[in-house]
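The structure appears below as C-alpha cells.
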Amino acid sequence: MSSVKVESVVKVNAMIGEGPVWEESEQTLLFVDIIGQKIHRWSPTTNQIQSVETGDTVGFAVPRSSGGYVAGVGRSIVAVDWSTQKMTSLVDLDEDKPNNRLNNGKVDPVGRLLAGTMRKEEEQMERKEGALFSVTSDLKVTKHLSQVSISNGMDWSLDQRTLFYIDSLALTVDAFDYNVNTGHLGNRRVVYHLEEGEGLPDGMTLDAAGRLWVACYNGGRVINIDPATGVRLQTIPLPVTKTTSCCFGGPDYSDLFVTTASLALDQSEIRQQPLAGNTFKVTGLGVKGRPSHSFSG
Ligand code: CA
Numbered sequence: 021m022s023s024v025k026v027e028s029v030v031k032v033n034a035m036i037g038e039g040p041v042w043e044e045s046e047q048t049l050l051f052v053d054i055i056g057q058k059i060h061r062w063s064p065t066t067n068q069i070q071s072v073e074t075g076d077t078v079g080f081a082v083p084r085s086s087g088g089y090v091a092g093v094g095r096s097i098v099a100v101d102w103s104t105q106k107m108t109s110l111v112d113l114d115e116d117k118p119n120n121r122l123n124n125g126k127v128d129p130v131g132r133l134l135a136g137t138m139r140k141e142e143e144q145m146e147r148k149e150g151a152l153f154s155v156t157s158d159l160k161v162t163k164h165l166s167q168v169s170i171s172n173g174m175d176w177s178l179d180q181r182t183l184f185y186i187d188s189l190a191l192t193v194d195a196f197d198y199n200v201n202t203g204h205l206g207n208r209r210v211v212y213h214l215e216e217g218e219g220l221p222d223g224m225t226l227d228a229a230g231r232l233w234v235a236c237y238n239g240g241r242v243i244n245i246d247p248a249t250g251v252r253l254q255t256i257p258l259p260v261t262k263t264t265s266c267c268f269g270g271p272d273y274s275d276l277f278v279t280t281a282s283l284a285l286d287q288s289e290i291r292q293q294p295l296a297g298n299t300f301k302v303t304g305l306g307v308k309g310r311p312s313h314s315f316s317g
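Numbered per the working numbering, the sequence shown spans residues 21 to 317.
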C-alpha cells in the first residue's frame, strides 16, 4: 500500500492560487494568483519562484507552442513573453459583459484553448452570465456554452472523446461528447454530484488511468472520481479549506500539485490555516498524470 503524504511546497500565500500546469521541458510548475494578478513559475529543484505581474485578474496561464505563454487577463487572451515580461493582447472575450473576467482555461489534445468566464462580483455569480469559449490557433473564437455561473475545471478523457467540465455553482462534475477535430460539444450529462460538506467543485485533472481528481473549494480536499461509474474512490484532505485546482507533475508525473486560496478567510480561519494560499504536493497516490498540451496559436 502506498502512503499518501501532503506537504506545502510553494509558500506564496496566494489570494487565489489556481491553474497549475506542469512544464515538462522546464521541470517547473506554472500557476496563477487570480486576484493577486500574478503568474508564478516554481522550480522544485531550486525552490525558486519567478513571477510576472499581469496588471489585472489572471484566470490561467498555459504554455504556447510558439514560445512563452498565453494567459487569460481580465477578458483578454494575451501572449506573455516570460523573459521580457511583455504582454500582448490577442483577442478579447465577452466584450458585451464588462463585469465578467476570464477564469479557468486549458488546452485540448490538439492545441485548441478552452477558456471560461464568470461574473466578477461574488454576490452576482448566480446570475449565470459566464460562458465557455474556444480559441483556435488562428484566434477564431467560438462560444460553446452560455449561462455559466463560474466556469472552472476541465480535462479530456484518454480517448479525447469526452470533455469533463465544472460549472461550480451547479455542484456537479459534468461530461460532454467532444469532437476534437471541430471542438463541438454535445450530450451534456452529470458524472458526479458533490455531497454535503464537499464544498464547490473547482479545478480538476484526469490521471493516466482515466480518473478525475477534483479540487473542492471550501471543502479542503481533493476527491478522486471514476467518471465511468460516478463513484468517489478516494478523498485527500488538505490542511486548508480553499483548495482550488490540481495537476500531476514531477519527473515522472506521480506528484499531484494542489493550488489553494487565502481570500476572504477571517482572522480565526487564518490562525487555523496559516498555509492557506500555498501550493501543496501530494505524493504516494500510486497513480500518474499526463503531460499538458500547449496552445497551438
Ligand atoms: Ca477556479
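Note that CB positions come from ideal geometry on N, CA and C, so glycine has one too.
Using CA coordinates, which residue listed in the options is at the minimum distance from residue i?
i      : options                           : result
Leu205 : Tyr185, Ile36 and Thr255          : Tyr185
Arg231 : Val242, Thr65 and Gly39           : Val242
Leu220 : Gly306, Ser169, Pro259 and Ala151 : Ser169
Ser282 : Pro259, Asn124 and Gly173         : Pro259
Gly125 : Lys148, Leu253 and Val155         : Val155
Could you tell me the distance, in whole angstroms, from the CA atom of residue i to the CA atom of residue j?
i      : j      : result
Val111 : Gly56  : 22 Å
Asp76  : Val52  : 12 Å
Val210 : Asp194 : 4 Å
Asp114 : Ser316 : 22 Å
Trp233 : Asn244 : 5 Å
Ser288 : Glu143 : 23 Å
Ile87  : Trp102 : The sequence as given places Gly at residue 87; Ile does not occur at that position. The straight-line gap from Cα to Cα measures roughly 9 Å.
Thr280 : Lys31  : 11 Å
Gln70  : Lys58  : 10 Å
Using a Cβ-Cβ cut-off of 6 Å (strictly less than) and excluding sequence neighbours within five positions of residue i, which residues of its own chain qualify?
i      : result
Ser63  : Thr48
Gly270 : none
Lys308 : Ala228, Tyr273 and Ser274
Gln180 : Pro129 and Val200
Phe153 : Leu113, Ala135, Val161 and Lys163
Output the boundary residues of the beta strand (DSSP E) element that contains residue i.
i      : result
Arg291 : It is not in any beta strand (DSSP E) - Arg291 instead sits in the alpha helix (DSSP H) that spans Gln287 to Gln292.
Asp116 : That residue, Asp116, is in no beta strand (DSSP E); it is neither H nor E in DSSP.
Gly79  : Val78 to Pro83
Leu134 : Leu133 to Arg139
His60  : Lys58 to Ser63
Thr303 : Thr299 to Thr303
Trp233 : Leu232 to Tyr237
Glu27  : Lys25 to Val30
Asp128 : Note, Asp128: premise wrong, no beta strand (DSSP E); not H, not E.
Can you list, in chain order, the residues of its chain with a C-beta nearer than 7 Å to that of residue i? Leave out the 5 residues immediately preceding and following it.
i      : result
His313 : Val127, Asp128, Pro129 and Gly131
Ser109 : Ser96 and Val98
Ser85  : Gly131, Ser314, Phe315 and Ser316
Asp157 : In the sequence under discussion, the amino acid at residue 157 is Ser, which differs from the Asp named in the question. Cβ within range, chain order: Gly131, Ser316 and Gly317.
Taking 9 Å as the CB-CB cut-off, is residue i touching chain C?
i     : result
Arg95 : In summary, chain C is missing from the structure at hand, where a single protein chain is found.
Next item on the list: Tell me the start and end of each unbroken beta strand (DSSP E) in the segment 160–213 that is at least 3 residues and wholly inside, in chain order.
Entry: 161–168, 171–176, 182–187, 192–198 and 205–213
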